[in-house]
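Residue numbers (my numbering): 6 to 54.
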Amino acid sequence: NARHHLQSCKLEIVTNDFVKKLMPDVIMPLNKAFYMPQAVNIHPMRYLQ
Numbered sequence: 006n007a008r009h010h011l012q013s014c015k016l017e018i019v020t021n022d023f024v025k026k027l028m029p030d031v032i033m034p035l036n037k038a039f040y041m042p043q044a045v046n047i048h049p050m051r052y053l054q
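Encoded structure:
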């Protein structure tokens with residue numbers, strides 16, 4: 006089920022400013038990241054720990 010859902014999931018390229026709003030302590034080496042708003046929702050800081 007997850008495999009089929011991810012194929013239809015919207016993919017966005019976001020900037021460092023957007024990422025800082027979601028996860029303030031994350032340092033990005035580039036000024037771009039991928040964001041999948043319809044993907045499974047997790048607590049980002051708990052996931053990174």
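Cβ atoms here follow ideal geometry from the backbone N, Cα and C, with glycine treated the same way.
Beta-carbon proximity of P42 to K25, cut-off 8 Å = Along the sequence shown, read from residue 1 onward, the residue named residue 42 stands at position 37. Along the sequence shown, read from residue 1 onward, the residue named residue 25 stands at position 20. Their beta carbons are not under 8 Å apart, which means P42 does not touch K25 by this criterion.
Looking at the structure shown, is K15 part of a helix, part of a strand, or coil, going by DSSP?
-> Along the sequence shown, read from residue 1 onward, the residue named residue 15 stands at position 10. Three-state result, K15: coil.
Taking the alpha helix (DSSP H) that L35 falls in, what are its first and last residues?
-> For the purposes of this step, residue 35 is taken as the residue at position 30 of the sequence shown. Here L35 belongs to no alpha helix (DSSP H), and DSSP marks it neither H nor E.
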